[in-house]
Amino acid sequence: MPEMTLIEGVRQAMDEEMARDERVFITGEDVGQRGGVFRATLGLFEKYGPDRVIDSPLAELSIVAVGVGAALGGMRPICEIQFADYIFPAFNQIVNEAALVHYRSGGEWAAPLVIRAPYGGGIGGGLYHSQSVEAYFAHAPGLKVVIPSTAYDAKGLLKAAVRDPNPVLFFEPKKGYRLIKDAVPDEDYTVPLGEAKVTREGGDLTVYAYGMMHYYVLQAAEMVARQEGIQAEVVDLRTLAPLDTATVIESFKKTGKALIVYEDNRFLGYGAEIAALLADEAFEYMDAPIRRLAGPDIPGVPFAHSMQDFFMPNPDKIAAAIRELAEY
Amino acid sequence: MAQNLTRSHQIDDAGLDLDAALLREMYRLMVLARRTDERTWVLHRQGKIAFHISGIGHEAIQVGAALAMHRGYDYAHLYYRDLAFNIALGYTPYEFFLAVYGKQGETTSGARQMPSNWSARRLGIVTASSPVATQVPQAAGLALASKLKGEDRVTVVCLGEGSTSEGDFFEGLNWAGVHQLPVVCIVQNNIYAISVPVHLQMAVPNVADRAPMFGIAGAICDGNDVVASYRAMSEALDRARRGEGATLLEAKTYRPVPHSSDDDDRTYRSRDEVEEWKQRDPIKRFQAYLLERGLLDDEQIDAIEQEVRAEIDEAQARAEAAPYPPAEDALFPVFAPPDFEQ
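Those protein sequences? They're chains P and F, same order as listed.
Read left to right, the first sequence gives residues 787 to 1114 (the working numbering).
Read left to right, the second sequence gives residues 48 to 389 (the working numbering).
#1: Between Leu944 of chain P and Ala982 of chain P, is the Cβ-Cβ spacing less than 8 Å?
#2: Could you pull the DSSP bridge partners for Leu991 of chain P from this structure?
#3: Starting from Ser176 of chain F, find everything on chain P with Cβ-Cβ shorter than 8 Å and list it in chain order.
#4: Our contact map puts Ala897 of chain P next to Val854 of chain P with C-beta atoms below 8 Å; I'd like the distance itself, whole angstroms only.
#5: Could you tell me whether the Cβ atoms of Asp285 of chain F and Arg200 of chain F are closer together than 8 Å?
#6: Interface residues of chain F around Met1121 of chain P at Cβ under 7 Å?
#7: Who are the neighbours of Thr181 of chain F on chain P, taking C-beta pairs under 8 Å?
#8: With distance defined between alpha-carbon atoms, name the residue in F:Met73, F:Tyr126, F:His105 and F:Ala68 nearest to Val304 of chain F.
#9: Quick check on the DSSP output: the beta strand (DSSP E) that includes Leu1045 of chain P runs from which residue to which?
#10: Name the chain P residues that come within less than 9 Å of Ser156 of chain F, Cβ to Cβ?
#11: What is the DSSP secondary structure of Gln235 of chain F, counted as helix, strand or coil?
#12: Would Tyr277 of chain F and Leu114 of chain F be called neighbours here (beta carbons separated by less than 8 Å)?
#13: Going along chain P in order, which residues have a C-beta closer than 7 Å to the C-beta of Val147 of chain F?
#14: How far does the alpha helix (DSSP H) with Glu367 of chain F in it extend, from its first residue to its last?
#15: Just to confirm the assignment, what range does the beta strand (DSSP E) spanning Arg902 of chain P have?
#16: Short of 7 Å in beta carbon distance, which residues of its chain neighbour His99 of chain F, apart from the five on each side in sequence? Order them along the chain.
#17: Hey, would you say Gly62 of chain F sits closer than 8 Å to Arg128 of chain F, going by beta carbons?
#18: Can you give me the C-alpha to C-alpha distance between Arg890 of chain P and Gly137 of chain F, rounded to a whole angstrom?
#19: Use the C-beta contact count for His246 of chain F: other C-beta atoms within 10 angstroms, 16 or more gives buried, fewer gives exposed.
#20: Are the C-beta of Leu955 of chain P and some C-beta of chain F separated by less than 8 Å?
#21: What's the C-alpha gap between Phe1097 of chain P and Leu913 of chain P?
#22: If Val948 of chain P sits next to Ile864 of chain P, beta carbons under 8 Å apart, how far is it from one beta carbon to the other, in whole angstroms?
#23: 8 Å is my cut-off, CB to CB: does Glu375 of chain F come that close to chain P?
#24: Quick test of the definition: if touching needs 3 or more C-beta pairs under 8 Å, does the region 1007-1019 of chain P touch the region 1046-1064 of chain P?
#25: Counting beta carbon pairs with one atom in the region 232-245 of chain F and one in the region 1078-1096 of chain P, are three or more of them shorter than 8 Å?
#26: Shorter than 8 Å from the beta carbon of Asn221 of chain F to some beta carbon of chain P?
#27: Under the three-state reduction of DSSP, which class applies to Ser918 of chain P: helix, strand or coil?
#28: By how many angstroms is the C-alpha of Leu125 of chain F removed from the C-alpha of Gln182 of chain F?
#29: Kindly list the residues whose CB is nearer than 8 Å to the CB of Asn51 of chain F, restricted to its own chain and excluding five residues on each side of it in sequence; keep chain order.
#30: Is there a C-beta anywhere in chain P that falls below 8 Å from the one on Phe98 of chain F?
#31: Quick check: the Cα distance between Gly818 of chain P and Ile348 of chain F, rounded to an integer number of angstroms?
#32: Give the DSSP-derived three-state secondary structure of Ala1080 of chain P in the structure shown.
#33: What in chain P is Cβ-close to Arg118 of chain F, meaning under 7 Å?
#34: Can you tell me whether Tyr371 of chain F is buried or exposed, with buried defined as 16 or more other CB within 10 angstroms of its CB?
#35: Can the beta-carbon of Glu1049 of chain P be found less than 8 Å from the beta-carbon of Met998 of chain P?
#36: For Gly756 of chain P, which of P:Glu920, P:Leu886 and P:Leu830 has the nearest alpha-carbon?
Set out below in structure tokens:
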């Protein structure tokens, strides 16, 4: 099975879905001849032509809104927002329009579009090329929010997202685009939306994460296993909305301790929901306070390396938090 | 006032040879929409319903435009003042009364949205929200879908002149221009966005003046003249179907009633102004035209009124008698099922 990078998984998913279903088209800034500023759509313009890989005007609101309209018209658009930080002009079209189409029309209409956006820090991107925006969207009923942490999942989840009849926000950990590499089958497969995955078995505590942080958590888990013999169970959430609450709760019942790692600001970030869920549903199993390791409550992420490193969770910080929780 | 086009009391049928049956149908639909709207005001004043947002005065552009379309085939992405548009496309007064009462079986949203947030797939009417102008870039997307599929379907999108200040309007028409999309964007310029007059909305005399900046056609019609509106709309639809792209069609009109049942228009405009515009009422004008040409007589006019009144009475009674939806209907799925097909 060939190894490929996470961004190659994303590209292969789009390529295969466009070949499979002629309703699928891509639009966004620079997605055409340039192949995307991160090169996610490289080669697709040449293969599918300007009617299916459409360079959009530089206007995020309309990239999404045109996608909504095209979806209502029976197409399956994939809309690329160049950086998640630039998604906010389209916020109304996502949370007030796409998300509500099915509910507000009593089931007459649906908006099957995928909105892809690279997110997250660690690349020296400063305040406007580093943000983690998932919590804004996971809060809105009607949106599916997906974040892959492996190349395998990137391909399988994106293909599932394209086939889903609902609006799906697909946030890609840009620091992991070329760093994360794993085995990806050439053939067609999907990874179902709404299913978390236990990616490392362990009995001492559970670490919940997604995206780039999941990649770091696995490294941290190996460090503490090697050094202190702590066996951390790791859960990759993969789909933030709708959340696979069963898998989240089941793991906690097994270990009784939870650490949630996310690179967004800590306050009202996605980890707060996991913490509340466990407190509500599995209080009797709790052996320690539920911990969150997240970014500080400042705009993410400051530019200078020193400040960026201060902001971002990394394997060392995660390992330290695991040790502390294991000792409780 | 920059609305000189509607100073005339005449109907402009120059160069048009419209079938008598079509003209009579235009009249009947305008009356049906007007009487439905008036009845809804009464229901509000009786305390029977919570809210009404009225389309009175806009019947000519809406009925004229709708009847020029391939009804049920072309997409209609409409806004809250489009009651007459909906009725001309086949939406019934009974459906509307179910919506204003918020009763079980309400057809646009299952009584989850306020009334006048339209949706009727069977009629090509696209689900609509309340934030204004959001439908314009979505209409570009619908038109893009038709173009990519090779269909000759046109997407018609409506809004008021206040909505043209939104970024959505500009971004949507920019797409329509860049990709020569089959869109007709009808701006019903009734001079007021709630209380804000048009000269505080934009610094150009006409909404249609903006068309060249998008590379699309611009046109202005007398929105109180159903025949002129039909003609302007037919030209725009033909242009779109010929592959020549979008039209920004500005219909000059007026709203002789408050913005909504929660508004008091006496706080921002004179009664003289309102009275002056009432003299140009689109139904009165059209009735005079039809009488003058012998296409209708007083007896037929009375018959239409009676027929419409009977329909509205029956629709209102049925809607009033309908039960409210069960509270659990609030839990209607927010996600479409896996096998959903548009």
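Note that CB positions come from ideal geometry on N, CA and C, so glycine has one too.
The structure says:
#1: By one-based count along the first sequence, residue 944 of chain P stands at place 158. By one-based count along the first sequence, residue 982 of chain P stands at place 196. Not closer than 8 Å, so no.
#2: Locating residue 991 of chain P in the first sequence gives position 205, where the first residue counts as 1. The partner list for Leu991 of chain P (beta bridge, DSSP) reads P:Ala1018.
#3: Residue 176 of chain F sits at position 129 when you count from the first residue of the second sequence. Residues of chain P passing the Cβ test: Asn882, Glu883, Leu886 and Arg890.
#4: Stepping through the first sequence from its first residue, residue 897 of chain P is reached at position 111. Stepping through the first sequence from its first residue, residue 854 of chain P is reached at position 68. Correct: roughly 5 Å between the Cβ atoms.
#5: By 1-based counting over the second sequence, the position of residue 285 of chain F is 238. By 1-based counting over the second sequence, the position of residue 200 of chain F is 153. No, Cβ-Cβ distance for Asp285 of chain F and Arg200 of chain F is not below 8 Å.
#6: Nothing about residue 1121 of chain P can be read from this structure; chain P reaches only from 787 to 1114.
#7: Residue 181 of chain F sits at position 134 when you count from the first residue of the second sequence. Those are Ala851, Asn878, Gln879, Asn882 and Glu883, listed as they occur along chain P.
#8: Walking along the second sequence from the start, residue 304 of chain F turns up at place 257. With distances taken between Cα atoms, Val304 of chain F lies closest to F:His105.
#9: Taking the first sequence and counting its residues from 1, one reaches residue 1045 of chain P at position 259. Its beta strand (DSSP E) spans residues Ala1044 to Asn1051.
#10: One-based indexing of the second sequence puts residue 156 of chain F at position 109. Those within 9 Å of Ser156 of chain F in chain P are Tyr889, Arg890, Ser891, Gly892 and Glu894.
#11: Within the second sequence, residue 235 of chain F is the residue found at index 188, counting from 1. Strand at Gln235 of chain F.
#12: What you label residue 277 of chain F is simply residue 230 of the second sequence in a count that begins at 1. What you label residue 114 of chain F is simply residue 67 of the second sequence in a count that begins at 1. Between Tyr277 of chain F and Leu114 of chain F, the C-beta gap is smaller than 8 Å, which places the two residues in contact.
#13: As a first step, residue 147 of chain F must be located in the second sequence, where it is residue number 100. Simply none; closest approach about 16 Å.
#14: Position 320 of the second sequence, counting from 1, holds the residue named residue 367 of chain F. Per DSSP, Glu367 of chain F belongs to the alpha helix (DSSP H) from Asp345 to Ala368.
#15: Translated into positions along the first sequence, residue 902 of chain P becomes position 116. If you look at Arg902 of chain P, you'll find it in the beta strand (DSSP E) that goes Val900 to Tyr905.
#16: The residue labelled residue 99 of chain F in the question sits at position 52 within the second sequence. Thr87, Trp88, His91, Val147, Ser307 and Ser308, listed in sequence order.
#17: Working through the second sequence from its first residue, we reach residue 62 of chain F at position 15. Working through the second sequence from its first residue, we reach residue 128 of chain F at position 81. No, they are not a contact pair.
#18: Stepping through the first sequence from its first residue, residue 890 of chain P is reached at position 104. Stepping through the second sequence from its first residue, residue 137 of chain F is reached at position 90. About 20 Å.
#19: Position 199 of the second sequence, counting from 1, holds the residue named residue 246 of chain F. By the neighbour-count rule (16 or more Cβ atoms within 10 Å), His246 of chain F is not buried but exposed.
#20: Counted from its first residue, the first sequence places residue 955 of chain P at position 169. For Leu955 of chain P, the answer is no, since every Cβ of chain F falls outside 8 Å of its Cβ.
#21: The residue you call residue 1097 of chain P lines up with position 311 of the first sequence. The residue you call residue 913 of chain P lines up with position 127 of the first sequence. Looking at the two C-alpha atoms, the distance is approximately 12 Å.
#22: Position 162 of the first sequence holds residue 948 of chain P. Position 78 of the first sequence holds residue 864 of chain P. Right, their Cβ atoms sit about 7 Å apart.
#23: Indexing the second sequence from 1 puts residue 375 of chain F at position 328. So, not an interface residue.
#24: no
#25: Counting Cβ pairs under 8 Å, fewer than three are found: no touch.
#26: In the second sequence, counting from the first residue as 1, residue 221 of chain F sits at position 174. Yes, because at least one Cβ of chain P sits closer than 8 Å to the Cβ of Asn221 of chain F.
#27: Numbered from its first residue, the first sequence carries residue 918 of chain P at position 132. In the structure shown, Ser918 of chain P sits in coil (DSSP, three-state: anything other than H, G, I, E or B).
#28: Walking along the second sequence from the start, residue 182 of chain F turns up at place 135. Walking along the second sequence from the start, residue 125 of chain F turns up at place 78. Taking the straight line from one Cα to the other gives about 8 Å.
#29: Within the second sequence, residue 51 of chain F is the residue found at index 4, counting from 1. Unreliable placement is indicated for Asn51 of chain F, whose pLDDT of 46 sits below 50; the coordinate value is still reported in the next sentence. Nothing meets the Cβ criterion.
#30: By one-based count along the second sequence, residue 98 of chain F stands at place 51. False, the Cβ-Cβ gap to chain P never drops below 8 Å.
#31: The residue given as residue 818 of chain P occupies position 32 in the first sequence. The residue given as residue 348 of chain F occupies position 301 in the second sequence. Each residue's Cα considered, the two are about 60 Å apart.
#32: Position 294 of the first sequence, counting from 1, holds the residue named residue 1080 of chain P. Reduced to three states, the DSSP call for Ala1080 of chain P is strand.
#33: As a first step, residue 118 of chain F must be located in the second sequence, where it is residue number 71. The contacting residues do not exist; Arg118 of chain F stays about 17 Å from chain P at best.
#34: Within the second sequence, numbered from 1, the residue matching residue 371 of chain F stands at position 324. Exposed.
#35: The residue labelled residue 1049 of chain P in the question sits at position 263 within the first sequence. The residue labelled residue 998 of chain P in the question sits at position 212 within the first sequence. For Glu1049 of chain P and Met998 of chain P, yes; Cβs fall inside 8 Å.
#36: Because chain P in this structure spans residues 787 to 1114, residue 756 of chain P falls outside the shown range and cannot be described.
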